[in-house]
């Protein structure tokens with residue numbers, strides 16, 4: 379022991395050390411690295427158990443070419459100048475994932491990605507639009523019509539025609555006025571919604587309202603408005619209470635949902651949810667008031683508590699702003715230990731948000747498009763080589779373009795099982811919720 383301490387002291391004081399002495403010191407103390415400065419080497423992350431993390435390094439693109447190939451592989455619809463792509467999780471729309479963006483905007487603080495676990499996506503969809511158009515042999519530049527948050531995976535709508543964008547947005551507004559939920563999602567949630575039957579559809583015409591959680595009105599959180607409270611006065615002007623907090627206007631939402639699978643032992647479920655809006659975190663807020671939260675949701679998971687074997691929904695928390703994060707009990711873990719062990723994670727923060735946008739209904743979209751095509755009497759002429767390339771691309775990407783019979787003017791875009799994110803599919807397997815496996 380004395381000899382070992384003497385060698386350590388000599389190694390710190392000497393400016394130059396011979397390789398033989400360095401190797402002898404390292405052999406005496408395994409914690410010393412092979413560097414000549416004698417500093418200790420921290421154990422690499424690959425030697426820990428997190429090297430087999432289920433959600434480690436989810437971004438398998440390293441340059442623009444890789445990202446373009448991935449997006450072209452995930453094309454699920456390409457017709458009438460409208461392109462639908464199943465966007466991978468974590469991919470930004472206009473900006474790449476950078477935590478500094480969210481630090482400057484405290485209202486989006488909960489959207490920060492855990493780059494130490496998931497990796498760091500370098501690019502966004504806007505960065506590769508021109509290259510994607512060249513890869514697809516398009517004549518005009520692509521632009522984004524409709525896209526969701528970076529933490530959501532699923533449908534992304536692109537087009538090279540601005541008229542198509544107007545038709546699509548008008549079709550979505552028409553669906554909302556008809557109380558037809560156009561956006562379809564798969565959600566893996568922690569919790570069991572009470573008093574429901576598996577496979578049975580339920581519908582609610584509820585609302586989401588932003589409520590002030592401080593007297594200055596600088597911080598707001600969305601809350602769920604039940605159907606009985608959805609009156610015309612509340613929808614337009616909001617309701618004033620006797621206390622200091624003001625309840626703002628309500629954003630109405632028509633939500634249909636059904637439970638596709640449940641695991642009562644782990645208290646997890648797979649939910650098929652259709653909604654007319656995603657503003658103000660409508661889906662997460664709705665499920666939180668059903669005593670469930672989406673896996674990977676680090677914001678609304680704090681509203682669901684487990685008391686005496688029952689899940690209950692708590693009131694809003696002052697956690698929206700970054701300066702209030704230190705007041706939150708970070709030791710609180712919303713997931714049970716059994717679920718964490720099944721997924722191989724230590725907490726809910728190590729799970730990507732388990733929500734996938736798999737379907738979209740655009741009512742009466744094809745009618746103005748057909749009329750415009752007949753009026754202009756212009757069609758895209760492609761030579762035999764281009765046709766062969768498009769057919770080969772369709773076979774490679776498993777594109778299922780629906781044929782229209784002329785009587786149906788509604789366009790339905792749905793992804794198949796092959797376009798489910800890999801981490802989403804593996805999570806279903808781990809939790810015994812996978813109804814898509816053959």
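Numbering (this note's numbering), first residue to last: 379 to 816.
Positions of the beta carbon are idealized from the N, C-alpha and C atoms, including for glycine.
All of these numbers come straight from a predicted model, not from anything done at the bench.
For the pair residue 633 and residue 653, the CB atoms are nearer than the 8 Å cut-off.
Per the coordinates, the alpha-carbon of residue 666 lies some 25 Å from the alpha-carbon of residue 470. A distance below 8 Å between beta-carbons, with the five flanking residues on each side excluded, links residue 452 to the following residues of its chain, in chain order: 463, 464, 465, 466, 775 and 797. For residue 668, the number of other beta carbons within 10 angstroms of its own is at least 16, and it is reported as buried. Between the beta-carbon of residue 645 and that of residue 726 there is about 14 Å, and that puts the pair past the 8 Å contact cut. Unbroken beta strand (DSSP E) stretches of 3 residues or longer found wholly inside the stretch 422 to 470: 453 to 457 and 460 to 465, given in chain order. Counting every other CB atom within 10 Å of its CB across the protein chains shown gives residue 643 a total below 16, marking it as exposed.
Short of 7 Å from the beta carbon of residue 497, and not among the five residues preceding or following it, lie these beta carbons of its own chain, in chain order: 435, 436 and 437. DSSP places residue 788 in the coil class of the three-state scheme, outside both helix and strand.
Residue pairing of residue 636 in beta bridges, as defined by DSSP: 650.
In this structure residue 549 is in contact with residue 740, their Cβ atoms being roughly 4 Å apart against a cut-off of 8 Å.
Out of 533, 565, 501 and 458, the CA that lies nearest to the CA of residue 540 is found in 458. Beta-bridge annotation (DSSP): residue 564 is paired with 650 and 734. Rounded to the nearest angstrom, the gap between the Cα atoms of residue 639 and residue 647 is 6 Å. In the three-state reduction of the DSSP assignment, residue 660 falls in the helix class, which pools H, G and I. Beta bridge pairing from DSSP links residue 598 with 590. For residue 724, the three-state secondary structure derived from DSSP is coil. Taking all protein chains in view, the Cβ of residue 712 is crowded by 16 or more other Cβ atoms within 10 Å, so the residue is classified as buried.
Boundaries of the beta strand (DSSP E) harbouring residue 522: 521 to 524, taken from the DSSP string.
DSSP places residue 493 inside the alpha helix (DSSP H), whose first and last residues are 493 to 496.
Secondary structure at residue 506: helix, using DSSP grouped into helix, strand and coil. Looking only at 506, 511, 743 and 468, the smallest Cα-Cα distance to residue 499 is reached by 468.
Scanning 716, 501, 533 and 524 for the CA closest to the CA of residue 542 turns up 524. Here residue 538 carries a coil assignment [DSSP, helix/strand/coil]. When the alpha-carbon of residue 672 is set against those of 456, 529 and 512, the nearest one is in 529. Residue 460 places its beta carbon 8 Å or farther from that of residue 531. Annotated three-state conformation of residue 531 is strand, per DSSP. For residue 806, the enclosing alpha helix (DSSP H) covers residues 800 to 808. Within the same chain, and ignoring the five residues on either side of residue 659 in sequence, the residues whose Cβ sits closer than 6 Å to its Cβ are 600. Rounded to whole angstroms, the gap between the alpha carbons of residue 558 and residue 661 is 16 Å. Here DSSP, grouped into helix, strand and coil, assigns residue 668 to coil.
The three-state secondary structure of residue 627, taken from DSSP, is strand. Selection 577, 556 and 606 evaluated against residue 585 yields 606 as nearest (Cα-Cα).
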